[in-house]
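Structure record follows, encoded as structure tokens.
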Amino acid sequence: MTLNEYMHPRNRYRNNPSNFEYLANKYEDLKPYVKKKSKGGVTLDFRNSHALRALTYAVLKEDFNLNIQLSLERLIPRIPQKLNYLHWIEDLIGMKEQAVGIDIGGGCSCIHALLAVRMNPLWEMIVSEIDPLNVKMATENVERNHLQNQIKVIRVDPTMLLHGLLDKTKQYDFLMCNPPFFTDIIEAQGLSNTRTSTRHQANSVSTASDIEMIFNQGGEVSFVKRIINESYSYKNNVRLFTTQLGKKSSLTEIVKDLKLMNNDLHYITSEFCQGHTMRWAIAWTFDQTYIFPTECHSHLASKTIKKAKKKEAEKVPLNWTFDEKYSMDYIKKYLEYIFNELKLSFQNISEYAWTFDAYENTWSHQRRKRRHQQDDEQTTTTKRLKLDDEQSMVNIEQTSSTINKIKICSVQVRLQMYNKKCTLYMSFVDGINSDAANQVLQYMKNHFVSYETKIIQ
């Protein structure tokens, strides 16, 4: 069963997987590995490391204009999986246009940092590595794409993770990590009891070196516990600590450890789904003013994927992409104009992210008011009330004291710039009207042209 439908909503491969045939015709290095099937279509052998590397080269060049070199003796990154992690971090930090991040163990590809700054041109990344070959190749990949002003690759002492890497005089928005999964070579080769007898074997080859997949002092659990222990020393420097995990059992162990930390720490967990693979993630912070966004929480809390389908659908944020002529600042001014016009109680989460609460359905009230003005004066009140949102109108005409006691909705709003276009995302958090976010978004769309005209005048 494929898990692609549970990818992050902004993952470009969620509904549009790479077209192997198109890529093979465009990129000669990939062509030998793409085979036509007898019943039509094409296929690629993911167990062939050369094919996997050629595909990664083609995808990165085609979709992100990135040129990299990979060693067949080192980990070959799966791009959809990396995007899930990065989009989750974007959500965690409130879609900040400018951010400074840390990647622990960037690998020879330096893929997290390269994708991060390609999708977020004003971000900066610090990448740590202990393997000399990985340091060399990662540095070359950064320079090959002329991103050395935004990405710094640092070779660190294997005995230290954060100490010696982070500067206590500086501030960082987030830390990310994809730790070595296994404790020893026996576990890495699947000879231990970590894989159940009913679980399918991997669908693709792993080219990871021992140093990338094995941490002989306890595997990923011990590796992450070290980060947790060191994170307390940098609680005032790093706002969000995150890590990905390869085994679900590891998540339980890490959560236990976090609960033993100081009371001023709070955390969330989540999952990343792609292809036939699942990964787990956890984020923690010591910042008591920080509230984890709703969409960042685990969306597969139920025991089966099927049970989670409805929840996942509900959490996909509404979106509206603007023409590239509109800047983020222009859209920001428009949103705050609407917030004020509709008398919404709003506050900034970050420069381009907000939450608002509504205790009165003012967006439908405005629409009704316009319709009344257009009605003939002799139209009866009964006819005037025959609107699409009739029930909302009845609620609005209750006494103000009743209205103030009922929260219609709480909604999260954020802006993101991608490919020179600004996109607005809206997510319903809570309240009595789960369709409120959609209604407010429609109101925004309906009034955008008139707002633009007003600005020009």
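Reminder that position 39 of the sequence shown reads as 32 in the numbering used here, one-by-one numbering, no gaps. Idealized CB from N, CA, C, for every residue including glycine.
Arginine 272 - partner residues in DSSP beta bridges: What you label residue 272 is simply residue 279 of the sequence shown in a count that begins at 1. DSSP output for arginine 272 lists Phe265 as bridge partner(s).
Rounded straight-line distance, which links the Cα of histidine 80 to that of cysteine 289: Stepping through the sequence shown from its first residue, residue 289 is reached at position 296. Stepping through the sequence shown from its first residue, residue 80 is reached at position 87. Cysteine 289 and histidine 80: Cα-Cα distance of roughly 10 Å.
Span of the alpha helix (DSSP H), counted from its first residue to its last, around asparagine 4: In the sequence shown, the residue the question calls residue 4 occupies position 11. Per DSSP, asparagine 4 belongs to no alpha helix (DSSP H) and is neither H nor E.
Exposure label - isoleucine 119; buried when at least 16 CB within 10 Å: One-based indexing of the sequence shown puts residue 119 at position 126. Classification for isoleucine 119: buried.
Boundaries (first-last residue) of the beta strand (DSSP E) holding tryptophan 313: Along the sequence shown, read from residue 1 onward, the residue named residue 313 stands at position 320. 311 to 314 is the span of the beta strand (DSSP E), which, as asked, contains tryptophan 313.
Beta-bridge pairing of tyrosine 471 - partner residues as DSSP gives them: It is not possible to answer for residue 471, since the shown part of the chain is limited to -6 through 450.
Alpha-carbon spacing of valine 135 relative to valine 27, whole angstroms: Numbered from 1 along the sequence shown, position 142 holds the residue referred to as residue 135. Numbered from 1 along the sequence shown, position 34 holds the residue referred to as residue 27. For valine 135 and valine 27, the distance between alpha carbons rounds to 29 Å.
Residues bridged to arginine 40 [DSSP beta-bridge criterion]: To locate residue 40, count along the sequence shown from 1; it is residue 47. Answer is none; arginine 40 lacks a bridge partner.
Residue burial classification, threonine 36 (beta-carbon count within 10 angstroms, cutoff 16): In the sequence shown, residue 36 corresponds to position 43, counting from 1. Threonine 36 is exposed by the Cβ-count criterion.
C-alpha distance - lysine 89 paired with glycine 33, whole-angstrom precision: For the purposes of this step, residue 89 is taken as residue 96 along the sequence shown, with counting starting at 1. For the purposes of this step, residue 33 is taken as residue 40 along the sequence shown, with counting starting at 1. Distance between the alpha carbons of lysine 89 and glycine 33: 44 Å.
Inter-stretch contact (C-beta, 8 Å, three-pair minimum) for the region 211 to 222 and the region 142 to 150: no
Per DSSP, cross-strand counterpart(s) of glutamine 141: Indexing the sequence shown from 1 puts residue 141 at position 148. In DSSP, glutamine 141 forms no bridge with anything.
Delimiting residues of the alpha helix (DSSP H) encompassing aspartate 423: For the purposes of this step, residue 423 is identified with residue 430 of the sequence shown, where counting begins at 1. Where aspartate 423 is concerned, there is no enclosing alpha helix (DSSP H), although the beta strand (DSSP E) it sits in stretches over 414 to 423.
Within 9 Å, strictly: CB atoms of proline 25 and proline 310: For this step, residue 25 is matched to residue 32 along the sequence shown. For this step, residue 310 is matched to residue 317 along the sequence shown. Cβ atoms of proline 25 and proline 310: not closer than 9 Å.
Exposure label - threonine 162; buried when at least 16 CB within 10 Å: Your numbering for residue 162 matches position 169 in the sequence shown. Under this definition threonine 162 is an exposed residue.
Histidine 105, buried or exposed, once every other Cβ within 10 Å from all chains shown has been counted against 16: Your numbering for residue 105 matches position 112 in the sequence shown. It counts as buried.
Span of the beta strand (DSSP E), counted from its first residue to its last, around methionine 454: The question about residue 454 has no answer, for the chain in this structure spans -6 to 450.
Check whether leucine 53 and isoleucine 69 have beta carbons under 9 Å apart: Counting from 1 along the sequence shown, the entry for residue 53 is found at position 60. Counting from 1 along the sequence shown, the entry for residue 69 is found at position 76. Not in contact: leucine 53 and isoleucine 69 (Cβ atoms no closer than 9 Å).
Sufficient close CB pairs (3 or more, under 8 Å) joining the region 422 to 432 to the region 90 to 110: no
Straight-line gap, valine 442 to isoleucine 221 (C-alpha atoms, nearest Å): On the sequence shown, residue 442 is found 449 positions in, with the first residue counted as 1. On the sequence shown, residue 221 is found 228 positions in, with the first residue counted as 1. Using only the alpha carbons, I get a separation of about 50 Å.
CB contact flag (leucine 168, aspartate 280, <9 Å): Translated into the one-based positions of the sequence shown, residue 168 becomes position 175. Translated into the one-based positions of the sequence shown, residue 280 becomes position 287. Taking 9 Å as the Cβ cut-off, leucine 168 and aspartate 280 do not qualify as a contacting pair.
Sequence-distant residues of its chain with Cβ nearer than 8 Å to valine 248 (five each side left out): Here residue 248 refers to the residue found at position 255 when the sequence shown is read from its first residue. Excluding positions up to five away in sequence, the list reads Tyr260, Thr262 and Ile275.
Threonine 446 - DSSP class collapsed to helix/strand/coil: Numbered from its first residue, the sequence shown carries residue 446 at position 453. Threonine 446: helix per DSSP, three-state reduction.
Endpoints, the alpha helix (DSSP H) within which leucine 76 is located: Here the question's residue 76 lines up with position 83 in the sequence shown. 72 to 85 is the extent of the alpha helix (DSSP H) around leucine 76.
Sequence-distant residues of its chain with Cβ nearer than 6 Å to leucine 337 (five each side left out): On the sequence shown, position 344 is the one that residue 337 refers to. Closer than 6 Å at the Cβ level, and outside the excluded window around leucine 337, lie Phe349 and Ala351.
Bridge partners - tyrosine 323, DSSP secondary structure assignment: As a working note, residue 323 is residue 330 in the sequence shown. Its beta-bridge partners do not exist; DSSP assigns none.
Buried versus exposed call for tyrosine 78 [16 or more other C-beta atoms within 10 Å across all chains shown]: Counting from 1 along the sequence shown, the entry for residue 78 is found at position 85. Burial call: buried.
Spatially closest choice to aspartate 250 from Pro73, Lys129 and Ser215, by CA coordinates: Numbered from its first residue, the sequence shown carries residue 250 at position 257. Ranking the options by Cα distance to aspartate 250, first place goes to Ser215.
Given leucine 253 as reference, the closest of His269, Tyr327, Tyr225 and Glu317 once Cα atoms are compared: For this step, residue 253 is matched to residue 260 along the sequence shown. The candidate whose alpha carbon is nearest that of leucine 253 is Tyr225.
Coarse secondary structure for leucine 48, derived from DSSP in three states: Indexing the sequence shown from 1 puts residue 48 at position 55. Leucine 48: helix per DSSP, three-state reduction.
Among Gln340, Ser31 and Tyr323, the one whose alpha carbon lies nearest that of tyrosine 444: Here residue 444 refers to the residue found at position 451 of the sequence shown. Taking only the C-alpha atoms, the option nearest tyrosine 444 is Tyr323.
For cysteine 170, the residue or residues it bridges with in DSSP: For this step, residue 170 is matched to residue 177 along the sequence shown. Answer is Ile97.
Simplified DSSP state of asparagine 113, which is helix, strand or coil: Here residue 113 refers to the residue found at position 120 of the sequence shown. Coil, per DSSP.
Straight-line gap, cysteine 170 to aspartate 160 (C-alpha atoms, nearest Å): Your numbering for residue 170 matches position 177 in the sequence shown. Your numbering for residue 160 matches position 167 in the sequence shown. The straight-line gap from Cα to Cα measures roughly 18 Å.
Secondary structure of isoleucine 284, DSSP reduced to three states: Reading the sequence shown from its first residue, position 291 is the one you call residue 284. The answer is coil: DSSP assigns isoleucine 284 none of H, G, I, E or B.
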